[in-house]
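Working notes, structure below.
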Amino acid sequence: MAPNTCFLIKDGTYAFNTITVNISADHVYFIGESGDPSKVILTSNGFFADEAPDFDFFHIANNAHHVIFANITISETRQYAVKFNGLTNMGNILWHNVRFINNATRDIKGVGLMEAPACTVRYCHFENTKIPLITRCSDGSCASDGDYIAGMDIMSADSWAIHDSYFKNILGASGGGRAGVFMWNLCRNVWTERNTFVNCDRSVAYGNYSSGEISHDSSYIMNNFILPGAGNAIELYYTRRVRVFNNTLYGATTTGSIIYGNASGGGANTYGEIKNNILNGSISNQNATAPDTATNILVSRGNAAILARWFPNAATGDFHFSSDTCRPLNRGTALAQVTLDWDNAPRIGTLDIGADEYNNNTPIQFMPEEITTIQEAYLSPASPNPFNPVTCVRYGIATAEAGTPCEIAILSLEGRLIRTLRSGPAFPGTYAIQWDAKDDNGFQVASGAYLIRLTVGSKGSTTRAVFMK
C-alpha cells in the first residue's frame with residue numbers, strides 16, 4: 001500500500017472474510033463516498049467465528065501515520081476491528097463518522113509502548129447487538145473469556161481525543177465487559193468528552209486494577225451522558241491528575257458509581273478531581289487520599305424519581321434538563337477547562353452541574369410557532385446574520401425520528417464540508433447550537449457565505465449564514 005492513497009468506497013456491502021488489511025504507509029484514507037456510513041458496510045469473519053488464528057480486520061503498522069477512516073461501517077470481526085500492530089511512527093490517526101457494529105473483542109486496540117500520538121475519534125458509533133459466548137475458542141484453545149470485550153482498549157495513548165461519539169451495549173457474557181472507552185498503561189493528556197454511553201458494562205475506564213504502573217497522567221472525562229449498565233459508570237485506577245468534570249450518570253434501574261482506587265485499597269490514584277457531576281450512585285474512594293469532590297450531586301436509588309423529573313428522556317441516554325427549575329442549574333464550581341457543554345454550546349454565567357447547560361441558547365430572531373408536538377425535524381434561520389464571531393440556529397427533532405442518524409454541518413457554497421457541529425443519534429426535542437466561524441481543525445474561516453445543514457435520517461434542511469470579519 002503506497003503513501004498518499006485514497007480508497008473512495010461506493011455504497012455497498014464488502015465481505016473481507018479472513019483478509020486482514022495491513023496499512024504500512026502514511027496518508028492512507030478509507031472514505032465512504034456517499035457520506036452515510038450505514039450504506040458502506042465492511043464485514044470480516046463474523047462475531048461468533050471460532051477459527052485459528054483469529055483474524056483482525058485492519059492493522060496499522062509502523063510508519064502508518066495520518067491515516068483516515070471516514071463514513072464507513074466496520075463490522076462482524078471476531079478479534080480486533082482496528083489494531084495498532086506496530087510500535088513506531090503511527091500517530092495522527094482519525095476516525096470520523098465510523099460505525100463499529102458487532103466486533104467481538106475490540107473495535108480499536110492499541111498496544112503497550114506504541115508511538116501513536118494525537119489520534120482522534122469523533123462522531124463515531126460503537127454498538128453491539130450480540131453478546132459473546134461465555135466460552136470462546138481461538139488459536140486451537142478455548143477459554144472462558146466472554147467478558148473480554150471493549151469498544152476501545154488503548155495503551156500508551158498520548159494526546160488522544162474521543163468526542164461526540166455514541167457507545168451502546170458493549171457487554172460481556174457475564175456483565176464484566178471492559179468498557180466503552182478503556183485507556184490504560186502510560187496514557188497521558190487524553191480527553192473523553194461530549195460522548196453518550198448507553199448500557200455498557202463499564203462506560204469509561206481510565207486504568208486497569210491489575211496494573212502497577214501509572215495508567216493516566218493529566219487526562220479528562222468531561223461533559224458525557226452516561227446511562228450505566230451492569231457495572232460502574234467510571235473507573236479510575238493508577239491515575240495521576242485525572243479530572244472528571246460535569247458528567248451526568250443516571251439510570252432508572254442501575255447505579256452510576258465512580259470508583260477511585262485500586263483492587264487492594266491502596267493509594268494508587270493521586271491529585272484526582274471529581275467535580276460538578278450528577279450521579280445516582282456513589283463516589284467510592286479506595287485511596288489513602290481522597291479526590292477533590294466539590295459540588296457533585298449524588299442521589300441514592302431510593303430518590304431516583306427526582307432525577308427522572310429532571311431527565312424525562314433518560315431511557316435513551318438523553319440527559320438534557322427538562323426545565324429551568326432543576327436543582328443543578330447555576331450551582332456548579334467554575335472550572336477553566338469547562339467552557340462548553342454536551343451540545344458543544346457555550347456555558348454561560350455560573351456553571352450548571354452535569355453535562356447539559358440549560359440556559360445557553362443565544363436569542364434568535366426567528367422562532368417556529370409554538371407547538372406541543374414536533375411533527376418533523378426543522379431548522380431555523382441563523383441569527384445574528386451576518387455574524388461575528390458567533391451565530392446560532394435552533395432545530396427540532398420529532399419523536400418519530402428518535403434514534404435515526406442526525407448531523408448538523410457547516411458547508412461551503414460548493415458543498416465542501418467545513419465543520420461538523422454534531423453527529424450521532426437523534427434525540428426528540430428542541431435545541432440550539434452555535435457556530436464560531438471555525439473549521440474542524442480550529443482555524444477561523446474566511447469571510448463569506450456558508451451553509452448550515454441539518455440532516456435527520458434521509459431528510460435534510462439548509463439555511464445560510466454570512467461571516468464578516
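When the letters of the sequence shown are read in order and numbered with full-length UniProt numbering, they come out as residues 1 to 469. Glycine is no exception: its CB is placed at the ideal position from the N, C-alpha and C atoms.
Beta-ladder partner(s) of residue i, from DSSP
i, result
"Asn22", "His59"
"Leu379", "Tyr395"
"residue 493", "Nothing can be reported for residue 493: it is not among the residues displayed for the chain, which extend from 1 to 469."
"Tyr80", "Arg106"
"His216", "Cys187 and Thr239"
"Thr430", "Gly396"
"Arg422", "Ile408"
"Thr254", "Gly251"
"Ala437", "Paired residues: none, contrary to the question."
"residue 493", "Residue 493 lies beyond the range of the chain shown here (1 to 469); nothing can be said about it."
"Leu171", "DSSP output for Leu171 lists no bridge partner at all."
"Tyr206", "Met183 and Leu236"
"Ile74", "Leu42 and Phe100"
"Lys459", "Val456"
"Ile374", "Per DSSP, none; premise fails for Ile374."
"Gln444", "Lys438"
"Met222", "Glu193 and Phe245"
"Val198", "Lys168 and Leu227"
"Phe321", "Answer is none; Phe321 lacks a bridge partner."
"Pro346", "Leu340"
"Ile31", "Leu8 and Ala70"
"Thr120", "Leu94 and Ala161"
Rounded distance between the beta-carbons of residue j and residue i, thought under 8 angstroms
i, j, result
"Val204", "Ser219", "Between Ser219 and Val204 the Cβ distance is about 10 angstroms, and since that is not below 8 angstroms, they are no contact."
"Phe467", "Asn388", "7 angstroms"
"Ala233", "Gly261", "Not quite, the Cβ-Cβ distance comes to about 15 angstroms (not below 8 angstroms), so this is no contact."
"Val121", "Pro37", "Val121 to Pro37, Cβ: 14 angstroms. No contact."
"Cys200", "Gly176", "Actually they are not in contact, since the Cβ atoms of Cys200 and Gly176 sit about 12 angstroms apart, beyond 8 angstroms."
"Leu171", "Ile131", "5 angstroms"
"Tyr395", "Leu379", "5 angstroms"
"Phe57", "Ile68", "At roughly 16 angstroms, the Cβ-Cβ gap does not stay under 8 angstroms, so Phe57 and Ile68 are not in contact."
"Asn189", "Asn224", "Asn189 to Asn224, Cβ: 18 angstroms. No contact."
Proximity to residue i [Cα-Cα], best of the options
i, options, result
"Ile149", "Arg419, Arg202 and Val190", "Arg202"
"Arg453", "Leu133, Gln444 and Ala409", "Ala409"
"Arg422", "Gln375, Thr455, Asn262 and Ala118", "Thr455"
"Ile374", "Ala400, Ala382 and Leu351", "Ala400"
"Tyr206", "Pro228, Glu235, Ala230 and Lys438", "Glu235"
"Tyr209", "Ala143, Tyr250, Gln286 and His125", "Gln286"
"Thr88", "Ser24, Gly349, Ser380 and Gly175", "Ser24"
"Ile60", "Asn22, Ser34 and Val198", "Asn22"
"Asn71", "Tyr29, Gly112 and Phe58", "Tyr29"
"Ala336", "Ser380, Ile348 and Thr248", "Ile348"
"Asn63", "Thr77, Asn169, His27 and Ile353", "His27"
"residue 470", "Gly424, Gly460 and Leu411", "Summary: the structure shown does not reach residue 470, with the chain confined to residues 1 through 469, and so no result is reported for it."
"Phe126", "Ala81, Asn92, Asn85 and Ala143", "Ala81"
"Ala398", "Ala377, Pro381, Pro386 and Ser383", "Ala377"
"His163", "Lys83, Phe57 and Met222", "Met222"
"Leu307", "Ser284, Asp341 and Leu227", "Leu227"
"Ala230", "Ile259, Asn269 and Ser174", "Ser174"
"Val338", "Ile31, Glu193 and Leu8", "Glu193"
"Ala382", "Leu186, Tyr450 and Cys6", "Tyr450"
"Gly442", "Ala2, Arg419, Gly91 and Asn385", "Arg419"
"Gly460", "Asp352, Glu407 and Thr253", "Glu407"
"Thr129", "Gly46, Val393 and Phe84", "Gly46"
"Ala465", "Gly415, Ser141, Asn385 and Ala355", "Asn385"
"Thr43", "Ser447, His66 and Gln79", "Gln79"
"Thr404", "Ile31, Asn169, Leu413 and Ala426", "Ala426"
"Thr239", "Phe321, Trp191 and His216", "His216"
"Ser282", "Ala268, Leu298 and Val390", "Leu298"
"Pro3", "Phe55, Val40, His65 and Phe48", "His65"
"Ile101", "Ala355, Gly302, Arg136 and Val40", "Val40"
"Arg327", "Tyr358, Gly317 and Thr430", "Tyr358"
"Phe182", "Ala143, Cys137 and Tyr237", "Tyr237"
"Lys168", "Ala432, Met152 and Val198", "Val198"
"Ala252", "Asn103, Gly212 and Gly317", "Gly317"
Cutoff 7 angstroms: residue i Cβ touching any chain D Cβ
i, result
"Asp318", "Of the protein chains in this structure there is only one, and it is not chain D."
Proximity test, residue i beta-carbon vs the ligand SAH heavy atom, cut-off 6 angstroms
i, result
"Thr455", "Here there are no bound small molecules, and the ligand SAH is not part of this structure."
- Message: Between the region 101–111 and the region 14–30, can you find at least three pairs of beta-carbon atoms closer than 8 angstroms?
- Response: These segments do not touch.
- If you pair each beta-carbon of the region 236–252 with each one of the region 267–285, do three or more pairs fall below 8 angstroms? Yes: at least three Cβ pairs fall under 8 angstroms.
- Item | Contact the region 145–162 vs the region 113–127: 3+ CB pairs below 8 angstroms | In short, these stretches touch, since the Cβ pair count reaches three.
- With a cut-off of 8 angstroms, do at least 3 Cβ pairs link the region 277–291 to the region 330–349? Too few Cβ pairs lie closer than 8 angstroms, so no.
- Message: Using 8 angstroms as the cut-off, can you tell me whether the region 309–318 makes contact with the region 288–296, which would need three or more C-beta pairs spanning the two stretches below that distance?
- Response: As far as the Cβ criterion goes, the region 309–318 does not touch the region 288–296, which means the pair count is below three.
- Task: At 3 residues or longer, and completely inside the region 135–169: list those beta strand (DSSP E) runs for me, N to C.
- Result: Within the region 135–169, the runs of beta strand (DSSP E) that reach at least 3 residues and sit entirely inside it are, in chain order, 136–138, 141–143, 150–155, 161–163 and 166–168.
- Item | In chain order, each alpha helix (DSSP H) run of at least 4 residues that lies wholly inside the region 278–314 | If we require 4 residues or more, the alpha helix (DSSP H) runs fully inside the region 278–314 come out as 304–310.
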